[in-house]
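Input: a single structure, listed below in structure tokens.
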Amino acid sequence: MIKNDLFLRALKGETVDRPPVWMMRQAGRYLPEFMEIREKYDFFKRCRTPELASEITVQPIRRYGMDAAILFSDILVIPQAMNIEVQMKPNFGPYLPNPIRSQKDLDTVIVPDVDVALDYVMQAIKATKEKLNDEVPLIGFAGSPWTILCYCVQGQGSKTFDKAKELCFTQPVVAHGLLQKITDTTIAYLKAKVKAGVDAVQVFDSWGGMLSPVDYQEFSWKYIQQIIDALKEEAPVIVFGKGCWFALGDMAKSGAAALGVDWTCSARNARYLTGGTITLQGNFDPARLLSPPSEIKKMVTQMIKEFGKDKYIVNLGHGILPNIPVENAKAFIDAVKTYSE
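No gaps in the numbering here: position 112 of the sequence shown is 118 in the numbering used here, and each next residue is one more.
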């Protein structure tokens with residue numbers, strides 16, 4: 007039994023004394039103890055070495071005592087397992103030298119045996135569960151099929167993902183073929199993660215907000231729905247679509263346990279759009295963690311008042327930034343842990 011099950015209870019919509027708290031991207035980048043590991047090992051070495059991935063996962067729990075841990079990994083381990091080369095270039099980000107832009111390219115993409123291709127992730131989960139010792143739940147995650155497609159087609163990060171959209175609008179058969187292969191791989195991957203020991207899963211649709219509401223339904227949401235349908239009986243599923251406030255109504259009826267909200271959507275609007283029935287997660291602007299700790303505390307308290315303490319998980323509206331002072335991250339967590347109505 008997990009000793010601190012506040013996060014899992016909030017996912018079920020149970021009444022709690024205070025909402026649980028964790029931060030997207032809490033494992034890594036802003037922590038001095040993470041920087042030390044980063045100096046010694048490259049990015050994918052950290053992802054692929056269970057001892058390193060598990061150590062990075064538990065670092066923020068040791069330091070701040072969040073109510074949930076999230077496995078240190080990356081959404082791009084999926085395309086790697088699907089026979090698509092992914093490099094992580096320093097000061098540049100992800101680079102895919104052979105983007106998928108035709109049926110011929112798509113034919114080289116496989117749906118792998120995740121137990122073989124991504125076994126290192128499962129080993130990292132087992133090592134992390136041992137280190138956590140049932141103190142808090144562990145979250146596993148994946149990118150949404152659309153978000154993964156964006157990188158696979160564009161070949162790198164982008165402000166517009168114009169090449170990804172071009173593929174969808176000029177070669178929809180190829181786009182849907184790629185999306186389905188990513189979806190099938192993601193379902194198998196998340197099921198394997200649950201089997202390995204994660205207590206909940208989150209789907210990150212980081213680039214969902216790039217699409218119009220109509221295109222979102224066709225190229226993103228219907229694939230996320232497949233993932234929810236396949237996973238919801240096995241573990242709670244959280245869906246976070248950045249910039250996807252327009253889809254919150256559909257998301258609320260999807261069978262997901264909770265929905266992430268970014269900082270551009272107010273608590274009031276998020277509750278209204280979702281019918282007030284589902285657990286929401288978010289939505290503190292990550293850049294606001296640069297404010298003085300006393301101000302952070304006030305803003306977090308106000309945010310909890312606006313969302314309400316039940317059916318709510320305190321989080322950021324996107325991943326924590328690398329330049330956040332550790333005492334400011336602490337102020338964010340402490341504000342929630344000391345919250346009382």
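By construction, the Cβ of each residue, glycine as well, lies at the ideal position given by its N, Cα and C atoms.
Cβ-based burial, residue i [other Cβ within 10 Å; buried from 16]
i, result
"Y278", "exposed"
"V179", "exposed"
"T283", "exposed"
"Q308", "exposed"
"E61", "buried"
"T63", "buried"
"T270", "exposed"
"Q231", "buried"
"G288", "buried"
"V122", "exposed"
"Y318", "buried"
"T134", "buried"
"P26", "buried"
"P96", "exposed"
"F290", "buried"
"T280", "buried"
"S79", "buried"
"S150", "buried"
"T344", "exposed"
"P331", "exposed"
"P219", "exposed"
The beta strand (DSSP E) enclosing residue i, as first and last residue numbers
i, result
"V207", "206-211"
"T285", "285-290"
"N321", "318-322"
"M305", "Unbroken run through M305 is the alpha helix (DSSP H), 299-313; no beta strand (DSSP E)."
"P26", "Element bounds for P26: n/a, residue is neither H nor E."
"P85", "From DSSP, P85 is part of no beta strand (DSSP E) but of the alpha helix (DSSP H) over 83-87."
"K100", "What sits at residue 100 in the sequence shown is Pro, not Lys. Per DSSP, P100 belongs to the beta strand (DSSP E) from 99-101."
Distance between beta carbons of residue j and residue i, contact taken as under 8 Å
i, j, result
"T191", "I84", "6 Å"
"K248", "D211", "7 Å"
"L196", "Y157", "18 Å between Cβ atoms; not a contact."
"L112", "G183", "5 Å"
"N334", "P299", "6 Å"
Nearest-angstrom Cα separation, counted from residue j out to residue i
i, j, result
"R35", "I43", "10 Å"
"P66", "N321", "14 Å"
"P242", "A264", "8 Å"
"A148", "S297", "30 Å"
"M201", "F50", "The question names Met, but residue 201 is Lys in the sequence shown. Rounded to the nearest angstrom, the two C-alpha atoms are 23 Å apart."
"R294", "V267", "16 Å"
"P118", "M88", "6 Å"
"V329", "L37", "The sequence given here places Asn at residue 329; Val does not occur at that position. Near 9 Å, if we compare the C-alpha coordinates of L37 and N329."
"K304", "A341", "8 Å"
"G163", "K110", "23 Å"
"Q86", "V92", "6 Å"
"D205", "F40", "24 Å"
"C174", "P105", "14 Å"
"K199", "G261", "19 Å"
"L327", "R31", "8 Å"
"I339", "N10", "15 Å"
"S226", "R69", "36 Å"
"E172", "K228", "19 Å"
"D48", "A33", "16 Å"
"G146", "A130", "11 Å"
"F252", "P143", "30 Å"
First through last residue of the alpha helix (DSSP H) which encompasses residue i
i, result
"Y126", "125-138"
"Q93", "Per DSSP, Q93 belongs to no alpha helix (DSSP H); it is in the beta strand (DSSP E), 93-95."
"Y278", "273-279"
"A335", "332-343"
"R15", "12-17"
Requested in this report: Report the residue ranges of all beta strand (DSSP E) runs contained in full by the segment 186-268; include only those spanning at least 3 residues, in chain order.
Outcome: 206-211, 243-247, 264-267
Query raised in the report: What runs of the alpha helix (DSSP H), each 4 residues or longer, lie entirely inside the segment 45-70?
Result: 49-54, 56-70
Query raised in the report: If you scan the segment 147-171 from start to end, which runs of the beta strand (DSSP E) of 3 or more residues do you find wholly inside it?
Result: none
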